[in-house]
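Enquirer: Pasting a structure here, questions to come.
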Amino acid sequence: MRAITIIGTDTDVGKTYVGCELVRQLRGCGLKIETRKPAESGCEVDDAGNLITHDAAALREANGEVETIERIARYRFRTAVAPHRAARIEGRAIHIENLIDAEIRERQPVFLVNTARPRGHHQQALPQQQCLFHRMGD
Numbered sequence: 174m175r176a177i178t179i180i181g182t183d184t185d186v187g188k189t190y191v192g193c194e195l196v197r198q199l200r201g202c203g204l205k206i207e208t209r210k211p212a213e214s215g216c217e218v219d220d221a222g223n224l225i226t227h228d229a230a231a232l233r234e235a236n237g238e239v240e241t242i243e244r245i246a247r248y249r250f251r252t253a254v255a256p257h258r259a260a261r262i263e264g265r266a267i268h269i270e271n272l273i274d275a276e277i278r279e280r281q282p283v284f285l286v287n288t289a290r291p292r293g294h295h296q297q298a299l300p301q302q303q304c305l306f307h308r309m310g311d
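Heads up: the sequence shown begins at 174 in this note's numbering, then just goes up one per residue.
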């Protein structure tokens, strides 16, 4: 199994776009994929009071709707700030045990996680041969 993590340090930097494109390409190669957006904030509320996701819904669509939104995005918040802040504002808690449980794989060949990395945390660069791709374009 291969695990792919899409990481960005801010909103609207293209994490979900890249994740969805990877999912579509890998599915096009015949691979089965699990997708995760462990926590999503800024969700809208529908008439029934359900939180409507944007990123998790896009990942679900890209993956042929084989997973539920609840499985893809374990934590969903209405407040449009970082999830840990949204949880505090909304009087909820994010439990690490639940995040780990949400990441348990069903042994699919590819596991993709779409998440953010707080500013100030530096990701160690991978050697080029370990990266799925090292450049976008063309």
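We put the beta carbon where it would ideally sit given N, CA and C, even for glycine.
(1) With DSSP run on the structure shown, which of helix, strand or coil describes residue 204?
(2) Am I right that residue 114 and residue 253 are in contact with their C-beta atoms under 8 Å? What's the rounded C-beta distance?
(3) In this structure, what does DSSP give as the bridge partners for residue 287?
(4) Compare the beta carbon distance of residue 229 and residue 246 with 7 Å and say whether it is the shorter of the two.
(5) On the criterion of 16 or more Cβ atoms from any shown chain inside 10 Å, does residue 225 qualify as buried, or is it exposed?
(6) Looking only at its chain, what residues have a beta carbon closer than 6 Å to the beta carbon of residue 236, apart from the 5 residues adjacent to it on each side?
(7) Kindly identify the DSSP beta-bridge partner or partners of residue 249.
(8) Return the CA-CA distance between residue 187 and residue 219, expressed in angstroms with no decimal places.
Expert: According to the structure shown:
(1) Residue state, collapsed to three classes: coil.
(2) The chain is shown from 174 up to 311; residue 114 falls before or after that span and cannot be answered.
(3) According to DSSP, residue 287 shares a beta bridge with 179.
(4) Less than 7 Å divides the Cβ of residue 229 from the Cβ of residue 246.
(5) Exposed, by the Cβ-count rule.
(6) 196, 206, 208
(7) 213
(8) 25 Å
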